[in-house]
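Following: one structure in C-alpha cells, then a few remarks.
Residue numbers (my numbering): 2 to 159.
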C-alpha cells in the first residue's frame, strides 16, 4: 500500500489562495486521486473539519468554506470527473475550534472510511499527526501553526 501521508500529510495554503482553490473541483479531485489507490469502495468520502460553533473562529471561515465544499463535490459529481461508478461525498464535524474535538472528529471520520481531510480551521498539529498516522492526507485551509503560516504552498512532513 502506498503511504500517502508520508508524501502529503498536510498541504497548507494562504487564505487568499485557498478561497479560490477550494471552490475549484480539481482540488477535491486531486485529493481523491491521491487516495483512490488505497480505496476499494466506489463512494469516495472526504472529511471536512469545520469550526461552526467555536469561540476561536473569529473569521468564521468554517461557514464560508462549507459552501465551497458543497459546490466542489457537486461539480465533481455533475461533471463525471471521477472514473465510472465512483461518486464523491463529504461529511463534516464541528470541531468548535478545539483540538480534542478536532482529533475526535478525525478518528470518527476515519471509522467512516474517509480518504482525506479538509481543515481544521484553527491549529492542526495534533489532527495532522493523527491523519498522518492513518496514512490519510489533510488539506489545511487555515492554520495557526507557524510552520504552516507562510505565504506560499508548503508541505509539512511528519
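Every residue, glycine too, gets a C-beta built ideally from N, C-alpha and C.
Beta-carbon spacing of residue i, residue j below 8 Å
| i | j | result |
| --- | --- | --- |
| residue 90 | residue 46 | yes |
| residue 137 | residue 117 | yes |
| residue 128 | residue 110 | no |
| residue 55 | residue 92 | no |
| residue 123 | residue 52 | yes |
| residue 133 | residue 50 | no |
| residue 121 | residue 103 | yes |
Outcome for residue i when other beta-carbon atoms lying within 10 angstroms are tallied against a minimum of 16
| i | result |
| --- | --- |
| residue 141 | buried |
| residue 71 | exposed |
| residue 66 | buried |
| residue 97 | buried |
Beta bridge counterpart(s) of residue i as assigned by DSSP
| i | result |
| --- | --- |
| residue 134 | None, per the DSSP bridge assignment. |
| residue 89 | 45 |
| residue 1 | In this structure the chain extends from 2 to 159, so residue 1 is not present and cannot be described. |
| residue 73 | Bridge partners of residue 73: none, in fact. |
| residue 51 | 95 |
Closest Cα partner of residue i within the set the options
| i | options | result |
| --- | --- | --- |
| residue 86 | 73, 44 and 135 | 44 |
| residue 113 | 135, 74 and 82 | 135 |
| residue 108 | 126, 131, 119 and 125 | 131 |
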